[in-house]
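Just so we're aligned, residue 5 is where the sequence shown starts under the working numbering, counting upward by one.
Idealized CB from N, CA, C, for every residue including glycine.
Read through the structure below, which is laid out as structure tokens, and then see the notes.
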Amino acid sequence: MGAGPPWRPRGVAERRRRSSALPLRSMLCRVLALVGSALPLLARGDEKLVGEDGQPVLSCQCKGKKATHGYCGYHLNAFSDSDLPWCRTKHGCGQQSIRGAWTHCSPHAVERRLANDGKLYHVKEFRDFYKKEGKQKWADAAPFVERRMASNRVAYTVHEFRSYYIDGLGEEGWVDKWINADPEQRRAKDGKWYTWNDFVKHYDLKEAFDKWDASAIWLDGEL
């Protein structure tokens with residue numbers, strides 16, 4: 005009789021079989037976790053435009069601050085790389101997915117920050133330009149987030165601006181206000197108020213960033 009495979013006690017073989025299955029199980033759990041956090045790509049049905057009581061509505065409303073992906077944005081990850089921004093919505097309105105309803109939203113409603121060239125870009129543009137450094141560059145630009153003036157003459161970020169107007173104007177109305185709002189102004193040491201573009205015209209770019217950042221102290225004292 006030819007030589008067969010080496011003999012092992014049954015208990016040892018069984019333990020090895022189970023041990024080899026652990027990495028596979030771990031990988032499967034990770035995949036399922038990623039799928040569970042998948043974004044709109046995992047839609048299950050057609051769009052439903054419904055309100056709080058299930059009535060037909062013109063458009064959906066984003067969930068806002070208290071929800072993950074509640075604001076309009078690109079929400080970049082392995083499952084979401086759309087050219088259109090989106091948000092999680094209230095009342096099951098919009099496209100249906102395993103993580104809840106969602107809808108595309110206006111590109112004007114996304115947060116933008118100043119990059120090193122002195123211009124405003126959203127997170128996807130940071131990622132596309134800086135590649136692997138995009139996430140860190142976006143985080144570093146947090147002090148230079150875009151703000152615009154509301155009717156109460158307070159400079160708000162796009163998310164703050166939405167919170168100020170959403171109850172009175174709705175999802176589309178606040179975006180129109182944002183589009184037409186004046187840019188933020190900050191007070192320089194001469195006591196006068198200037199926009200970012202004014203700072204850039206007066207100083208070289210690096211100094212403009214320093215002066216703009218320092219002028220926030222003046223602004224905070226005024227609010």
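Note to self: With a threshold of 8 Å, are at least 3 pairs of Cβ atoms found where one atom belongs to the stretch 166-184 and the other to the stretch 109-119?
What the structure shows: yes
Item checked: 8 Å Cβ cutoff met for A212 and G122 -> yes
Margin query: Here's the rule I'm using: 16 or more other beta-carbon atoms within 10 Å means buried, otherwise exposed. How should H79 be labelled?
Written below: buried
Item checked: Terminal residues of the alpha helix (DSSP H) in which Y134 lies -> V127 to Y134
Next item on the list: Taking H206 as part of the beta strand (DSSP E), name the residues at either end of that continuous run.
Entry: Here H206 belongs to no beta strand (DSSP E); instead the alpha helix (DSSP H) covers W200 to H206.
Check: Looking only at DSSP bridge pairs, what is H73 linked to?
Finding: Bridge partners of H73: none, in fact.
Item checked: Any alpha helix (DSSP H) of 4 or more consecutive residues that is wholly inside the stretch 94-154 -> Complete alpha helix (DSSP H) runs here, min 4: 127-134 and 138-144.
Margin query: So, with DSSP's three-state summary, where would you put V54?
Written below: strand
Checklist line | Three-way DSSP call (helix, strand, coil) for R92 in this model | finding: strand
Notebook entry, point to check: Which stretch, first to last residue, makes up the alpha helix (DSSP H) that contains Y160?
Noted result: Note, Y160: premise wrong, no alpha helix (DSSP H); beta strand (DSSP E) at A159 to T161.
Checklist line | Residue of N156, G58, H206 and S167 minimising C-alpha distance to D194 | finding: H206
Next item on the list: Determine the closest residue to A185 out of F165, L62 and D50, with distance taken between C-alpha atoms.
Entry: F165
Next item on the list: Give every residue of the same chain whose Cβ lies closer than 7 Å to the Cβ of F203, excluding the five residues on either side of it in the sequence, and list them in chain order.
Entry: Result list for F203: A212, K215 and W216, in chain order.
Next item on the list: Find out if the Cβ-Cβ distance for the pair A145, R117 is shorter than 8 Å.
Entry: yes
Check: Is the CB-CB distance between G96 and K135 below 8 Å?
Finding: no
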